[in-house]
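Taking the UniProt record's numbering, the leading residue of the sequence shown gets 1, the next gets one more, and so forth.
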Amino acid sequence: MEHMPQDFKLQYPNTRVIIDCTEIFTERPSSLALASKTFSSYKSHNTWKGLVGISPHGAITFISALYSGCMSDIEITKHSGLIELLEPGDQIMADKGFILNKLLKDTGVSIATPHFLCSDGQFIYKSQIEDNQKFASLRIHVERRHIKRAKEYRLLQYTVPLSLAGSVNQLWTVANLLTLFRRPLIKQKN
Numbered sequence: 001m002e003h004m005p006q007d008f009k010l011q012y013p014n015t016r017v018i019i020d021c022t023e024i025f026t027e028r029p030s031s032l033a034l035a036s037k038t039f040s041s042y043k044s045h046n047t048w049k050g051l052v053g054i055s056p057h058g059a060i061t062f063i064s065a066l067y068s069g070c071m072s073d074i075e076i077t078k079h080s081g082l083i084e085l086l087e088p089g090d091q092i093m094a095d096k097g098f099i100l101n102k103l104l105k106d107t108g109v110s111i112a113t114p115h116f117l118c119s120d121g122q123f124i125y126k127s128q129i130e131d132n133q134k135f136a137s138l139r140i141h142v143e144r145r146h147i148k149r150a151k152e153y154r155l156l157q158y159t160v161p162l163s164l165a166g167s168v169n170q171l172w173t174v175a176n177l178l179t180l181f182r183r184p185l186i187k188q189k190n
């Protein structure tokens, strides 16, 4: 904890990993069964979906295999093996779609997510708005640093052909790891 960035140390001192899922377009399989498994209703396209995690410092610490686009973020988190790597007292930071309380029960691991709006579209307390803004400013680095940068590689910018299905996990992993060799998005404070 002594080396944790100050912003995290003050607000989320037990954060071990910041996670998010993303989708990569793929061609539509000719088989209806496979097409339905890879179809993402969120993207309205056939996709592969993966989970990435970074440390509060911005280093990539977890890259899942790619899964069918129809799988939820929760299912991918469950099957990825991430939870087994965490220790009691650790905290996961994630977007509000990651409702992992059942999955984390009895592990000693907690999850930090933004506050939800009430049914009338408002927050109960003004402090919830400020909390969500702080939360988003810390969590956004997963999207900007790794997901966006990994997708800048030409192969992941476009629809990945099914002929690469046997190699797509390796391509996904390499694209994510290559982001570590780029300049940091967050300037280090001396």
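Where a beta carbon is used, it is the ideal one built from N, C-alpha and C, also for glycine.
Counting C-beta atoms within 10 angstroms of its own C-beta, Phe-8 has 16 or more neighbours from the protein chains shown and is therefore classed as buried. Taking a cut-off of 8 Å on C-beta distances, the stretch 19-29 touches the stretch 60-79, as three or more cross pairs fall below it. Residue environment for Leu-10: exposed (fewer than 16 other C-beta atoms within 10 angstroms of its C-beta).
Contact between Thr-47 and Gly-53 is ruled out by a C-beta separation of about 20 Å, above the 8 Å threshold. Within the same chain, Ala-65 and Leu-66 come within 6 Å of Asn-169 by CB-CB distance, once the 5 residues on both sides are set aside.
As a beta-bridge residue in DSSP terms, Ser-68 pairs with Trp-48. Between the alpha carbons of Thr-159 and Gly-58 lies a distance of about 28 Å. For Ala-33, the enclosing alpha helix (DSSP H) begins and ends at 32-38. Within the same chain, Cβ atoms closer than 7 Å to the Cβ of Arg-149 are found at Thr-179 and Arg-182, the five residues on either side in sequence being excluded. By the beta-carbon neighbour count (other beta carbons within 10 angstroms, threshold 16), Ala-175 is buried.
Nearest in C-alpha terms to Ala-33, of all of Lys-49, Pro-5, Pro-161 and Ser-68, is Ser-68. Setting aside the 5 residues that flank it on each side, Phe-25 is surrounded in the same chain by Lys-43, His-45, Asn-46, Thr-47, Tyr-158, Thr-159 and Val-160, each with a C-beta closer than 8 Å to its C-beta; the list follows chain order. Remark: C-beta atoms of Leu-164 and Leu-155 approach each other more closely than 9 Å. Beyond the five residues adjoining it in sequence on each side, Pro-5 comes within less than 7 Å, by CB distance, of Pro-56 and His-57 in the same chain, given in chain order.
For the set Ser-41, Ile-63 and Ser-40, the Cα lying nearest the Cα of Leu-51 is the one of Ile-63.
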